[in-house]
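Asker: Below you'll find the structure I mean.
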Amino acid sequence: MHVEPLNARANHPSLSLADMYKELLMPSDLRDAHRKNDKLILQAYGLNKDATDQDILKVLFKMYNNKDND
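Be aware that the sequence shown starts at 42, since it is given in this note's numbering, and climbs by one per residue.
Structure follows, in structure tokens:
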């Protein structure tokens with residue numbers, strides 16, 4: 042499990058989760074941690090770092106369909 046986003050959130054105890062995840066208020070360490078996490082997840086699913094939402098959905102639905110057919 043990649044814990045960097047959790048650690049980054051812990052660095053900002055005065056911010057609520059809602060405020061932490063507002064696009065303009067997100068602390069840079071939290072944003073960076075999520076970018077690293079996203080990269081690891083894409084690699085785990087065999088996707089390119091530039092994968093589009095459509096690319097990701099295609100892989101996830103294919104996996105779901107394969108699981109459903111087992």
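Cβ atoms here follow ideal geometry from the backbone N, Cα and C, with glycine treated the same way. None of these values were measured; they are calculated from a predicted model.
1. Which residues mark the beginning and the end of the alpha helix (DSSP H) in which Met61 is found?
2. With Lys77 and Leu83 assumed to form a contact (beta carbons below 8 Å), what rounded beta-carbon distance in angstroms separates them?
3. What did DSSP end up calling Val44 once you bin it into helix, strand or coil?
4. So what's Met67 in DSSP terms, helix, strand or just coil?
5. Going by alpha carbons, who is nearest to Ser55 out of Pro68, Glu64, Glu45?
Answerer: Taking the definition as stated:
1. As a first step, residue 61 must be located in the sequence shown, where it is residue number 20. Its alpha helix (DSSP H) spans residues 58-61.
2. In the sequence shown, the residue the question calls residue 77 occupies position 36. In the sequence shown, the residue the question calls residue 83 occupies position 42. Contact annotation, Lys77 with Leu83: C-beta distance approximately 11 Å; criterion of less than 8 Å not satisfied.
3. For this step, residue 44 is matched to residue 3 along the sequence shown. DSSP places Val44 in the coil class of the three-state scheme, outside both helix and strand.
4. Along the sequence shown, read from residue 1 onward, the residue named residue 67 stands at position 26. Met67: coil per DSSP, three-state reduction.
5. Taking the first residue of the sequence shown as position 1, residue 55 is located at position 14. Closest by alpha carbon: Pro68.
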